[in-house]
Amino acid sequence: MERFNSNKGGHFNSAYDSNLDEPPVYEETKFSNDDHRTVRPSVVSAFGHDTLDRVPHIDFYRNAGSVSGQRAVRPSLQELHDVFQKNGAISIPDSVEDDGERSIGTPSDDMESAAPSDDQKGLIKFGWIRGVLVRCMLNIWGVMLFIRLSWVFGQAGWGLGTVIIALSCVVTTLTGLSMSAICTNGVVRGGGAYYMISRSLGPEFGGSIGLIFAFANAVGVSMYVVGFAETVVDLLKENSAIMVDEINDIRIIGCITVVLLLGISVAGMEWEAKAQILLLVILLVAIVNVFVGTVIPATKEKKSQGFFNYNSKIFAENFIPNFSDGETFFSVFAIFFPAATGILAGANISGDLRDAQAAIPKGTLLAILITGLTYLAMAFCVSATVVREATGNSSSLINDTTPVICNGSTAVACELGYDFSSCEVKKCNFGLMNNFQVMTLVSGFGPLIIAGTFSATLSSALASLVSAPKVFQALCKDNIYKALHFFAKGHGKNDEPIRGYVLTFLISVAFILIGDLNTIAPIISNFFLASYALINFSCFHASYAKSPGWRPAYKYYNMWLSLVGAVLCCAVMFVINWWAALLTYGIEFLLYIYVLVKKPAVNWGSSTQAVTFVSAVSNALSLSGVEDHVKNFRPQILALTGSARSRPALLDLAHSFSKNYGLCLTCEVFVGPRSEALQDVNDAMEKNQLWLKKTKRRAFYAAVACDNFREGAESLLQASGLGRMKPNTLVIGFKKNWRTAGAEAVQNYVGVLHDAFDFEYGTVMLRMNHGLDVTHIVEAEEEMLKAAKEQEALESEMMPNGGKAKGLFRKSRKSSQQVLTTRVSVCSPPPPQVAKMNEKLLEASIQFKKKQPKGTIDVWWLFDDGGLTLLLPYILTTRKKWKDCKLRIFTAGQPGRSDLDKEEMVGLLKKFRINCSNINIIDDLHIQPRSDSLKDLHEMIEPFCLHEGSRDPAQVGALQKEHPWKITDKELSEFEEKTHLQVRLNELLKENSRSANLIIVSMPIARKETISDFLYMAWLDILTKDLPPTLLIRGNHKSVLTFYS
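In structure tokens form, the structure reads like this:
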């Protein structure tokens, strides 16, 4: 419950020397890579004098750990505020060495704070054009541009076709705006969409979407490569050059293509970027070729296939939709929309961008604009030059001698001199509706369209082949899925994920060989859309949380538009394929649950945390406006456990009362001068809260520093909690050493009980025969762990390393050996008797953590305290660990009317709806205790009695003045009956409840300034002596039970 501060082993700022006398001396700092940081003259000149304070600088705001091993340190508030000490000098370096690990032992990932090292100066970093714009355009310009765009506008007409393209662009633009806001709200590292979602919504959402997004990109490689292989096989078929058969030729060509693409990717980002530029040039030439072809006069052969150059009548005819073969607006939209995806191609290599914050918004949004206009322009061109249906036969030319009536769907072609009316009866093979090679027909030079198709498929495949390993590597580095950490390792100056490349290669080859791509395609599209939806929702969520840390530099976004974007993405998922959408949600939900259960040790300051905080404050405020009601009473525990590990039995029992449904505070009082104890308080806060979380105890840790234990406990009793979420029940351990602790310690302890009653707390006291405090065992365990670590470090230092010392203690090997010797001597085995006592104490300390055997909880409800003495044991029986324990009720009754008293108690418990196995009326409480029991009591209080009857008045007065806490003969006489009642109760408890799993007894109350502290402690001691675990409970005499509905 309390801890005396020794200030040993506390935290010290390594950049601060407390033995100071002179003003600060700033020295040049030398880094490990031979770089130097010169003295910043502004420290002195800005203020006109030497000072410990530092001027604002970016280095102070980087993460606490840095992969470079250096971090900037500002003087702490204590160093500026503490008493100025003499006879010393100040030397605060601008940076300190880090061990590369955080306090929790995970490697630092503060990439942006790394100092440039020699082996990183050859890094390949891309600007917004090569890094984002080119990649996004190549990914969006897919085979849809040349193969299916004409069919889409043939089915939907250019009216609804424009709506389809516009709606697709709206979805991608909203996603682009949301992504721009997120990526300008801080430094963006590698991982693209995964990084942005995980840092915004937390590891649960980020980990689930990151895995399926990386998988979607990996399978996307196989889809694009198969598209390329199918085009090549079509060419082979035309030239009668099939190798085996069509399916196996696709597999062979696909595998060879993936191997070549893998070689380009593994060669490095520079080679991959050059390949992308080459493919872009080919694609642009193919696009220009289409526009040029529309103005070249059409030949008779092209006219017979439906191409007539620009004609307003054709353009007008193609305005209205003409859905056929069961197609609808939504089915056509579902076919086109995957062509609009690919906007994350630039963000996926965010770690390879020179300035990701500027490049991603600019490049992505411009790519959406350019590609959207290109789709519209090419669609309008074919809509104005090609009719919907054509025969492809030169015989369809209308002769002047043969009159033809032009009407129906082929009226425009008829007016232009071609009779395609047969297409109304039977299916034709040409025209917008029937010919997927319309772009080749329209173009000036057909083979360029084939080259453009090759370029579109290969560029998309290459982008996916690069994106999947990059995103997967970022996911693995965060160690959310520990089994995948193997793939986190990078190679070379650009930290290339070679292992990820190989995995992506294997996945893509597998799907090329055995995958049914027609089935998998909608799932992959939905995976991408799920990522878009979460990016939009991340932006909305961060804006909704109104966290001060949400300050995106990109201002052209709106939280409600982001929400609309998220809803649109979800809707489009179902439009494309409803079962694929459900499957995507199912997979994401399972991964979310997995990460949620595993609870990775990361803290990224997500908007989920911000919204949780806002909700908690809102709920706490709403509770404050509601009066407490007895039906909603639940014990809110303030447990004086000391350190969270010091009294595990007390904490476990307190936690059983609150579980996950009430407040539980485990509190510690640091006794000593505040200036010395503050650092211990700060260190203990994080350490104990982490331990509570690790051991899955739903409790909060609170600590105060005061001059004595009572003052600290009083502060906790008064100030703990928030609004209605305020403790109402004090849980404290019995002070077993009260007879040897000294008068001040006993007065403080009993004073805490008085304060609890004054503040109207319910009070619960736990006594166990072997005690509660295991602090000495915990400290010994910590010493042993330290010794083991130092031994390991010492052994690594002694290993041969070219004649040089190596390891954590390379600077002072002798000192380490001395420390280790000291640790081993401290941790030497205790004597057998002490070891046996410790073993029993440890066994008792985990008693309430285990499932309780079948037995009883005996409740001695002697005084009506509002019902807390009955409510707490009932709550215990509702817990899984105590479900096999039955309640037995014992209450006091008058002699001769036991049956009537029992009947009344049965009725009362029935109204309270509390089941018990037995009710016992104790009608012999008034009987005098046995002489041996009274003898034990007298021996207990003998050292604390004043014995004024055997002394003269003057001596008695002097003794009372010197020892005012002693028990007087008058007090013993006045409270003899109440004292004997505690002794008699102990006899009855031993007689009736010795075999109980837990005994609960109404706690006697000592009236202030009437009953001395030592007599009260004697009451509590004799009452609970030699019993199973016993709880003394006293409510605040306000009803906590009711039988009204």
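Heads up: the sequence shown begins at 8 in the numbering used here, then just goes up one per residue.
Even glycine gets a Cβ: it sits at the ideal position worked out from N, Cα and C.
Please classify W148 as buried or exposed, where buried requires at least 16 neighbouring CB atoms within 10 angstroms. Along the sequence shown, read from residue 1 onward, the residue named residue 148 stands at position 141. Label assigned to W148: buried.
Which class does F716 belong to by DSSP, given the choice of helix, strand or coil? As a working note, residue 716 is residue 709 in the sequence shown. Helix, per DSSP.
Can you list, in chain order, the residues of its chain whose CB lies under 7 angstroms from that of Q283, leaving out five sequence neighbours each side? Residue 283 sits at position 276 when you count from the first residue of the sequence shown. Counting only Cβ-Cβ distances below 7 angstroms, and skipping sequence neighbours, we find V141, R142, L145, S466, L469.
I1007 bridges to which residues according to DSSP? As a working note, residue 1007 is residue 1000 in the sequence shown. Note: I1007 sits in a beta bridge opposite V866, L1038.
For E721, does the count of other Cβ atoms within 10 angstroms reach 16, so buried, or fall short, so exposed? Position 714 of the sequence shown holds residue 721. Buried.
What's the gap between the Cα of G370 and the Cα of L59? Against the sequence shown, residue 370 aligns to sequence position 363. Against the sequence shown, residue 59 aligns to sequence position 52. The straight-line gap from Cα to Cα measures roughly 45 angstroms.
Taking the Cβ atom as the reference point for each residue, do V265 and V232 lie within a distance shorter than 8 angstroms? As a working note, residue 265 is residue 258 in the sequence shown. As a working note, residue 232 is residue 225 in the sequence shown. Cβ atoms of V265 and V232: closer than 8 angstroms.
Thinking L966 and I1029 are a contact (beta carbons under 8 angstroms), I'd like their distance in whole angstroms, please. Stepping through the sequence shown from its first residue, residue 966 is reached at position 959. Stepping through the sequence shown from its first residue, residue 1029 is reached at position 1022. 25 angstroms between Cβ atoms; not a contact.
Unbroken beta strand (DSSP E) run spanning T770, endpoints: Along the sequence shown, one-based indexing puts residue 770 at 763. Residues 769-774.
Measure the C-alpha to C-alpha separation of V1047 and S852 and round it to an integer number of angstroms. Taking the sequence shown and counting its residues from 1, one reaches residue 1047 at position 1040. Taking the sequence shown and counting its residues from 1, one reaches residue 852 at position 845. Approximately 30 angstroms between the Cα atoms of the pair.
Less than 8 angstroms between the beta carbons of L660 and F512, yes or no? By 1-based counting over the sequence shown, the position of residue 660 is 653. By 1-based counting over the sequence shown, the position of residue 512 is 505. Not in contact: L660 and F512 (Cβ atoms no closer than 8 angstroms).
Relative to the alpha-carbon of N695, which residue among V449, I542, V785 has its alpha-carbon at the smallest distance? As a first step, residue 695 is located in the sequence shown; it is residue number 688 there, counting from the start. For the residues V449, I542, V785, the minimum Cα distance to N695 belongs to V785.
Only counting runs of 3 or more residues, tell me where the beta strand (DSSP E) segments fall wholly within the segment 865-903, in order along the chain. Unbroken beta strand (DSSP E) stretches of 3 residues or longer found wholly inside the segment 865-903: 892-899, given in chain order.
Spatial neighbours of G217 within its chain, please: CB distance less than 7 angstroms, with the 5 preceding and 5 following residues excluded, ordered by chain position. Start at 1 with the first residue of the sequence shown, and residue 217 comes out as number 210. Cβ neighbours of G217 beyond the five flanking positions: Y201, S205, V478, L482.
Would you say the segment 1016-1031 touches the segment 982-996, given that touching needs at least three Cβ pairs under 8 angstroms? yes
Report all residues from its chain with a CB closer than 8 angstroms to the CB of A691; omit the five preceding and five following residues, and keep chain order. Position 684 of the sequence shown holds residue 691. Taken in chain order, the residues that qualify are S650, E675, F677, Y708, A710.
Which stretch, first to last residue, makes up the beta strand (DSSP E) that contains E675? Stepping through the sequence shown from its first residue, residue 675 is reached at position 668. Note, E675: beta strand (DSSP E), 671-678.
Residues in the same chain with beta-carbon distance under 6 angstroms from T179, minus the five sequence neighbours each way, listed in chain order, please. Taking the sequence shown and counting its residues from 1, one reaches residue 179 at position 172. Here the set comprises A347, I350, I375.
Boundaries of the alpha helix (DSSP H) in which G914 is found, first to last residue: For the purposes of this step, residue 914 is identified with residue 907 of the sequence shown, where counting begins at 1. Here the alpha helix (DSSP H) through G914 covers 905-919.
For A1025, which residues from the same chain have a beta carbon less than 7 angstroms from its beta carbon, with the 5 sequence-adjacent residues on both sides left out? Locating residue 1025 in the sequence shown gives position 1018, counting from the first residue. Around A1025: L944, M947, I948.
Can you tell me whether D332 is buried or exposed, with buried defined as 16 or more other CB within 10 angstroms of its CB? The residue labelled residue 332 in the question sits at position 325 within the sequence shown. It counts as exposed.
In this structure, how does DSSP classify E721 when only helix, strand and coil are distinguished? One-based indexing of the sequence shown puts residue 721 at position 714. In this structure, E721 counts as helix in the three-state DSSP scheme.
Applying the criterion that 16 or more other CB atoms from any shown protein chain within 10 Å of the CB defines a buried residue, is M772 buried or exposed? Counting from one through the sequence shown, the residue named residue 772 turns up at place 765. Buried.
Whole-angstrom distance between K244 and I171, CA atom to CA atom: Mapped onto the sequence shown, residue 171 falls at position 164. Mapped onto the sequence shown, residue 244 falls at position 237. If you take the alpha carbons of I171 and K244, they lie about 34 angstroms apart.
Between which two residues does the beta strand (DSSP E) containing I929 stretch? Counting from 1 along the sequence shown, the entry for residue 929 is found at position 922. For I929, the enclosing beta strand (DSSP E) stretches over residues 925-929.
Suppose the cutoff is 7 angstroms on Cβ atoms and the five residues either side in sequence are ignored; what does the same chain contact list for S554 look like? Here residue 554 corresponds to residue number 547 of the sequence shown, with the count starting at 1. These residues qualify, in order along the chain: S614, A617.
Okay, do the segment 526-543 and the segment 221-231 touch, 3+ Cβ pairs below 8 angstroms being the bar? yes
Cβ-based burial, S622 [other Cβ within 10 Å; buried from 16]: Within the sequence shown, the letter at position 615 stands for residue 622. It counts as exposed.
Sorted by chain position, which residues of the same chain lie with C-beta nearer than 8 angstroms to L953's C-beta, five sequence neighbours on each side aside? The residue given as residue 953 occupies position 946 in the sequence shown. Excluding sequence neighbours, L953 sits near V963, L966, Q967, H970, K973, I974, T975, D976.
How is Y601 classed by DSSP in three states: helix, strand or coil? Here residue 601 refers to the residue found at position 594 when the sequence shown is read from its first residue. In the structure shown, Y601 sits in a helix (DSSP, three-state: H, G or I).
Can you list the beta strand (DSSP E) stretches of 3 or more residues lying completely in the segment 351-427, in chain order? none
Distance, E797 Cα to T702 Cα: Along the sequence shown, read from residue 1 onward, the residue named residue 702 stands at position 695. Along the sequence shown, read from residue 1 onward, the residue named residue 797 stands at position 790. Each residue's Cα considered, the two are about 26 angstroms apart.
Who are the Cβ neighbours of Y1051 in its own chain at under 6 angstroms, not counting the five residues just before and after it? As a first step, residue 1051 must be located in the sequence shown, where it is residue number 1044. Excluding residues within five positions, none has a Cβ falling inside 6 angstroms.
DSSP three-state call for G227: helix, strand or coil? Indexing the sequence shown from 1 puts residue 227 at position 220. In this structure, G227 counts as helix in the three-state DSSP scheme.
Which residue spans inside the segment 551-616 form an unbroken alpha helix (DSSP H) run of at least 4? 566-583, 585-605
Consult DSSP for T179 and reduce its assignment to one of helix, strand or coil. As a working mapping, residue 179 is identified with position 172 in the sequence shown. It is helical.
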